[in-house]
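**Q** Numbering of the sequence shown is given in the numbering used here, commencing with residue 1 and proceeding in unit increments. We put the beta carbon where it would ideally sit given N, CA and C, even for glycine. Quick caveat, the model's predicted, so the values are computed rather than measured.
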Amino acid sequence: MIGAGIGGLTSAALLAKRGYQVKVFEQSMVPGGCASTFRRRGFTFDVGATQVAGLEPGGIHHQIFSELDLELPTAEHCDPACAVFLPGEVTPVNVWRDPNRWQTERQRQFPGSEPFWQKLNDLFSHSWQFQTRQPVLPPRNVWDSWQLTRALRPDTLLTVPYTFSTVGQLLKGYGLYKNQRLKTFLDLQLKLYSQVGADETALLYAATALGVSQAPQGLFHLQGSMQVLSNALVKAIKRFDGQVFLGHCVEQIQLENNCPRFVRIRQQKTDETWLETADHVVANVTVQNLTQLLGQQTPQGYQRRVDKLMPSSGAFVVYLGVEQAAIPEYCPPHLQFLYDYDGPIGENNSLFVSVSRPEDGRAPNGKATIVASSFTDVQAWQQCNNYEALKAEYEREAIAKLNQFFNLDPRHIIHAESATPRTFQHYTARHQGMVGGIGQRLSTFGPFGFATRTPIPKLWLVGDCVHPGEGTAGVSYAALTAVRQIEAMENR
Ligand SMILES: Cc1cc2nc3c(=O)[nH]c(=O)nc-3n(C[C@H](O)[C@H](O)[C@H](O)COP(=O)(O)OP(=O)(O)OC[C@H]3O[C@@H](n4cnc5c(N)ncnc54)[C@H](O)[C@@H]3O)c2cc1C
Numbered sequence: 001m002i003g004a005g006i007g008g009l010t011s012a013a014l015l016a017k018r019g020y021q022v023k024v025f026e027q028s029m030v031p032g033g034c035a036s037t038f039r040r041r042g043f044t045f046d047v048g049a050t051q052v053a054g055l056e057p058g059g060i061h062h063q064i065f066s067e068l069d070l071e072l073p074t075a076e077h078c079d080p081a082c083a084v085f086l087p088g089e090v091t092p093v094n095v096w097r098d099p100n101r102w103q104t105e106r107q108r109q110f111p112g113s114e115p116f117w118q119k120l121n122d123l124f125s126h127s128w129q130f131q132t133r134q135p136v137l138p139p140r141n142v143w144d145s146w147q148l149t150r151a152l153r154p155d156t157l158l159t160v161p162y163t164f165s166t167v168g169q170l171l172k173g174y175g176l177y178k179n180q181r182l183k184t185f186l187d188l189q190l191k192l193y194s195q196v197g198a199d200e201t202a203l204l205y206a207a208t209a210l211g212v213s214q215a216p217q218g219l220f221h222l223q224g225s226m227q228v229l230s231n232a233l234v235k236a237i238k239r240f241d242g243q244v245f246l247g248h249c250v251e252q253i254q255l256e257n258n259c260p261r262f263v264r265i266r267q268q269k270t271d272e273t274w275l276e277t278a279d280h281v282v283a284n285v286t287v288q289n290l291t292q293l294l295g296q297q298t299p300q301g302y303q304r305r306v307d308k309l310m311p312s313s314g315a316f317v318v319y320l321g322v323e324q325a326a327i328p329e330y331c332p333p334h335l336q337f338l339y340d341y342d343g344p345i346g347e348n349n350s351l352f353v354s355v356s357r358p359e360d361g362r363a364p365n366g367k368a369t370i371v372a373s374s375f376t377d378v379q380a381w382q383q384c385n386n387y388e389a390l391k392a393e394y395e396r397e398a399i400a401k402l403n404q405f406f407n408l409d410p411r412h413i414i415h416a417e418s419a420t421p422r423t424f425q426h427y428t429a430r431h432q433g434m435v436g437g438i439g440q441r442l443s444t445f446g447p448f449g450f451a452t453r454t455p456i457p458k459l460w461l462v463g464d465c466v467h468p469g470e471g472t473a474g475v476s477y478a479a480l481t482a483v484r485q486i487e488a489m490e491n492r
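1. Taking 6 angstroms as the cut-off, is the beta-carbon of T50 closer than that to any non-hydrogen atom of ligand 1?
2. Measure the C-alpha to C-alpha separation of I64 and T273 and round it to an integer number of angstroms.
3. In the DSSP assignment, what residue or residues form a beta bridge with I413?
4. Kindly indicate which residue of H62, R411, A416 has the alpha-carbon position closest to the one of I399.
5. Residues in the same chain with beta-carbon distance under 8 angstroms from A75, minus the five sequence neighbours each way, listed in chain order, please.
6. Using the Cβ count rule (16 or more neighbours within 10 Å means buried), how would you classify Q402?
7. Give the DSSP-derived three-state secondary structure of P421 in the structure shown.
8. My understanding is that A504 touches S230, with C-beta atoms under 8 angstroms, so please give their C-beta distance in whole angstroms.
9. Which residue or residues does DSSP assign as beta-bridge partners of S46?
10. From P135 to L148, what distance separates their C-alpha atoms?
11. Beta carbon of N284, beta carbon of V462: below 7 angstroms?
12. Would you kindly report the start and end of the unbroken alpha helix (DSSP H) that includes L246?
13. Taking only the alpha-carbon atoms, compute the straight-line gap between K23 and S113 and give it to the nearest angstrom.
14. Just to confirm, are T201 and F124 a CB contact at a threshold of 7 angstroms?
15. Residues in the same chain with beta-carbon distance under 7 angstroms from H412, minus the five sequence neighbours each way, listed in chain order, please.
16. Between C78 and ligand 1, is the CB less than 6 angstroms from at least one heavy atom?
17. For the 8 angstroms Cβ check, are there 3 or more pairs between the region 184 to 191 and the region 145 to 164?
18. Could you say which of P31, P216, F116, F38 lies nearest to L171 if we only look at CA atoms?
19. Note down the Cα distance separating V318 from Y427, rounded to an integer number of angstroms.
20. How is the alpha helix (DSSP H) around L170 delimited, first residue to last?
21. Helix, strand or coil for K401 per DSSP?
22. In terms of DSSP beta bridges, what is H334 paired with?
23. Consider the C-beta atom of I6 and the heavy atoms of ligand 1; say whether any pair is separated by less than 6 angstroms.
24. By alpha-carbon positions, which one of L293, I60, R362 ends up nearest to V212?
25. Suppose the cutoff is 8 angstroms on Cβ atoms and the five residues either side in sequence are ignored; what does the same chain contact list for S418 look like?
26. Excluding five sequence neighbours on each side, which residues of the same chain lie with their C-beta closer than 8 angstroms to the C-beta of K119?
27. In whole angstroms, what separates the C-alpha of Q382 from that of T376?
28. Can you say whether P161 is buried or exposed, counting buried as having 16 or more other CB atoms within 10 angstroms of its CB?
29. Per the DSSP calculation, I2 is bridged to which residue(s)?
30. DSSP state of H426, grouped into three classes?
What follows is the structure, encoded as structure tokens:
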């Protein structure tokens, strides 16, 4: 197993439980990747992911934790899942968990849009049912195709005509495309889940991404920190006799007879390198990283596909440890701000913010954490002349924007620190510090995305670059798919 992100740990734990001998090599000293944490001055900061889907009964984390006989982490519902502030507005659009309350809210916020939302609901319901029957997408052999076929039902076919539609096209179909508030709200929310706005996001992906916020699904805020997820998975791996090696980087995958046979490991501390033999290699890395690990051995068609991908976003994240006085009363745990309507949604004009709750394990008594992220172009950080100055400027700007909602008087800020694509590249080894997987455009979502089954037999890709995309729930689903594929191959 290359990498101990949620994707790698989930695959490793499930394989170990099924009796496979598993070794996980993680280059960082902490497991969890983009869903890990770090501590400063009594505060615990979630590095990237802050909210979790799939903890409800039947949800993917719930399912996997039950299979591994792990206690489900303590968590609260995020309600609202997000409070979205559009430019110049002081009252947010609250994405409530209760479907009726959310319906009332959206009818009040976006009059005349209900038929559009009803269509999204219908698509979500059919797609969700389909997903619970565990299809393998995109299929790459007969077994995958069989799994896909047996997940189909007559209602799944109702989604097929929308396979090539975007959210923007559906808005046009309902005469809502020029509704600036609605379009902007969708752009903002979709960018979080799919990397791209309404014009580019595949409708079927969007229906799922937007639908999971409501009961009986919903988003959760973990007690303690995001680290509890990976810590529990590491515990399961060890309980089933698997091994996790932190501070060990995989530098190369070597093929023999077109199958992975060896991986070259480097112990970060001692610089010692050696070859480990493997029957299967599961790579919990970005698809770009995978081709780097294979080098010249990468099949040409695969390399061409990777080269043609549109660049993914990076994240600029500010981590603040503050006095509770900085937090307004009744502050929702997750907020999204757009600061102006000009230009595409992305760099510098929006922030996604997560705030700790009293006694949720992230801050000492009377204090709180604020984690705010924005999208950023990774190239700008790779090529900049004065990295420290650029980082300081971004941090200043982000704090100034946050100060419009929070009370960030300097006396209230106890700790401030930022992460850039370079930081993510260093700590998670992700290619150029890109995060959040591959944009869910028509050409790269679901049936047209990258598969867990690579063109090299016994080499598997898990994580947010493969179906069903990003988020801890998405990568867990990909991990389960890869494990089922390995099991099917071994039991043939
Ligand atoms: C700012 C931000 C906010 C987010 N918010 C949310 C959210 O609220 N909710 C949500 O569900 N998701 C969120 N996400 C997305 C989510 O964090 C990721 O999609 C998910 O955690 C990715 O998991 P992964 O297993 O695919 O990869 P990663 O987390 O990238 O893990 C890969 C691991 O592999 C290791 N590795 C890589 N290469 C090597 C190598 N060669 N040798 C050894 N080890 C290696 C890395 O160090 C890393 O630990 C957010 C992401 C970011 C960046």
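**A** Let me lay it out:
1. yes
2. 34 angstroms
3. Here I413 is bridged, per DSSP, to V322.
4. A416
5. V52, L55, F220, H221, L222, Q223
6. Note that residue 402 is Leu in the sequence shown here, rather than Gln. Buried, because 16 or more other Cβ atoms sit within 10 Å of the Cβ of L402.
7. helix
8. Examination of residue 504 is not possible in this model, given that the chain is present from 1 through 492 alone.
9. It should be pointed out that residue 46 corresponds to Asp in this sequence rather than to Ser. BP columns for D46 point to T37.
10. 4 angstroms
11. yes
12. Careful: L246 lies outside any alpha helix (DSSP H), inside the beta strand (DSSP E) at 243 to 246.
13. 51 angstroms
14. no
15. V322, E323, A325, A326
16. Set against 6 angstroms, the gap from the CB of C78 to the closest heavy atom of ligand 1 is not smaller.
17. no
18. F116
19. 16 angstroms
20. Annotation: the continuous alpha helix (DSSP H) that includes L170 extends over 167 to 173.
21. helix
22. S354
23. yes
24. Checked all of L293, I60, R362; the closest Cα to V212 is I60.
25. F316, V317, V318, Y319, K391, Y394, E395, A398
26. L170, Y174
27. 11 angstroms
28. exposed
29. F25, A283
30. helix
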